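In our numbering, the protein residues as written are 2 to 403.
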């Protein structure tokens, strides 16, 4: 169900009927068939999905996800979240997303290259015109974005490129930096203390989780638990994040890291000695079964959609503060905007300026969300959704769409 069909949102704000009709359905949904010869000399036809949810505030912006369980519904949901995310932090993009149904773990670098090249071939007009600007997501990274650039030779047609070919210093770690920024600000605002010494757990140690843990560790937070697909680690005195990162570079997973006890992903969520929980892996991990067991005071959503509707109600009823995904993990799209802007102008942006821009936009949006929540007695999730939706409605009115 679309967020804009939610009875809760429609009780909280008055959405003009024409605006609601436009927002509850994407502007464009495409199913594409990507036919490629793999490295194994096998011909495969994998299904892909491209969704432009709303472009009233700018071009459709969203990453390319390659995974075996990608669906059109999931891609649509993620595109809708991007509309809200870009509106909340005030960058001039709309919401888009691509999904390619293929298990990326079984693909060679040659296979991925051929898939991405065929994807570009099928979407060439939209990419060249700037109607859609892709970026990395699950199963893709700078290498794949470089292939897109290589096919089109337009610097601003894609973000998340390697730094050497027009990419942005800091883009790779930007989402994790934004998550860490959100967690640090949440500690100041709700726990009334600095982040140093605050015990935290991070579920997921991919690009987002590992960088979030890195920046939090740098600021003195005590990350006592980490998990990934192989299981979890726990050390009440805090894990050595730098050594763990080096270990994962070699082994590929956190399992087996010395000096830590084992725990499951479910046990990590239920830890009773942490103040901040950061789900930075998959969708729907905080649900009606896991939410009642959570003891953390603050949840910072590093992943897209880690909390179900049922889980959200339980978290709210239990008085746990939640920093929603459309704010907490917006660092990536903020950095993408800076890269896009730099690519168009030919300017160079130093990494310190990238970090400052992410911090400024997230903290400003955080304060607006918290102020509205306090004034109207709304949860952070509802307050952020209302703010973002109003920005989109304002743009529709300004452009004469409604």
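The beta carbon of each residue, even a glycine, is placed where N, CA and C say it ideally should be.
Fair warning: this is a prediction, and the values are worked out from it, not measured in the lab.
Roughly how many whole angstroms lie between the Cα atoms of residue i and residue j?
| i | j | result |
| --- | --- | --- |
| residue 364 | residue 270 | 26 Å |
| residue 161 | residue 77 | 21 Å |
| residue 265 | residue 17 | 46 Å |
| residue 155 | residue 135 | 13 Å |
| residue 317 | residue 97 | 29 Å |
| residue 227 | residue 126 | 43 Å |
| residue 235 | residue 257 | 12 Å |
| residue 150 | residue 375 | 45 Å |
| residue 344 | residue 105 | 29 Å |
| residue 367 | residue 102 | 35 Å |
| residue 84 | residue 184 | 23 Å |
| residue 69 | residue 307 | 19 Å |
| residue 1 | residue 146 | Residue numbering for the chain in the displayed model covers 2 to 403; residue 1 lies beyond these limits and cannot be assessed. |
| residue 61 | residue 86 | 12 Å |
| residue 380 | residue 43 | 51 Å |
| residue 286 | residue 13 | 26 Å |
| residue 361 | residue 38 | 46 Å |
| residue 181 | residue 56 | 29 Å |
| residue 259 | residue 373 | 46 Å |
| residue 325 | residue 188 | 15 Å |
| residue 330 | residue 178 | 9 Å |
| residue 241 | residue 212 | 13 Å |
| residue 386 | residue 40 | 45 Å |
| residue 72 | residue 4 | 18 Å |
| residue 118 | residue 66 | 15 Å |
| residue 11 | residue 82 | 17 Å |
| residue 232 | residue 267 | 10 Å |
| residue 250 | residue 314 | 38 Å |
| residue 377 | residue 277 | 25 Å |
| residue 22 | residue 337 | 29 Å |
| residue 274 | residue 297 | 8 Å |
| residue 172 | residue 333 | 7 Å |
| residue 302 | residue 186 | 14 Å |
Which class does residue i belong to by DSSP, given the choice of helix, strand or coil?
| i | result |
| --- | --- |
| residue 402 | coil |
| residue 330 | coil |
| residue 154 | coil |
| residue 57 | coil |
| residue 242 | helix |
| residue 32 | strand |
| residue 312 | helix |
| residue 298 | coil |
| residue 388 | helix |
| residue 293 | helix |
| residue 275 | coil |
| residue 267 | helix |
| residue 397 | helix |
| residue 159 | coil |
| residue 380 | coil |
| residue 345 | helix |
| residue 218 | helix |
| residue 253 | coil |
| residue 194 | coil |
| residue 199 | coil |
| residue 211 | helix |
| residue 319 | coil |
| residue 168 | coil |
| residue 337 | helix |
Kindly identify the DSSP beta-bridge partner or partners of residue i.
| i | result |
| --- | --- |
| residue 204 | 228 and 280 |
| residue 146 | Its beta-bridge partners do not exist; DSSP assigns none. |
| residue 38 | 44 |
| residue 49 | 33 and 101 |
| residue 235 | 226 and 262 |
| residue 137 | 65 |
| residue 287 | 308 |
Along the alpha helix (DSSP H) that carries residue i, what are the first and last residues, could you check?
| i | result |
| --- | --- |
| residue 352 | 352-377 |
| residue 264 | Looking at the DSSP string, residue 264 is not in any alpha helix (DSSP H); the run it does join, the beta strand (DSSP E), is 262-264. |
| residue 12 | 8-13 |
| residue 322 | Run containing residue 322: none in the alpha helix (DSSP H); it sits in the beta strand (DSSP E), 322-324. |
| residue 24 | 18-24 |
| residue 185 | 175-187 |
Using a Cβ-Cβ cut-off of 8 Å, state whether residue i counts as contacting chain C.
| i | result |
| --- | --- |
| residue 339 | The structure shown contains no chain C; it is built from a single protein chain. |
(message) Extract the residue ranges of the alpha helix (DSSP H) inside the region 64-134, only unbroken runs of 4 or more that lie entirely within it.
(response) 73-90 and 110-130
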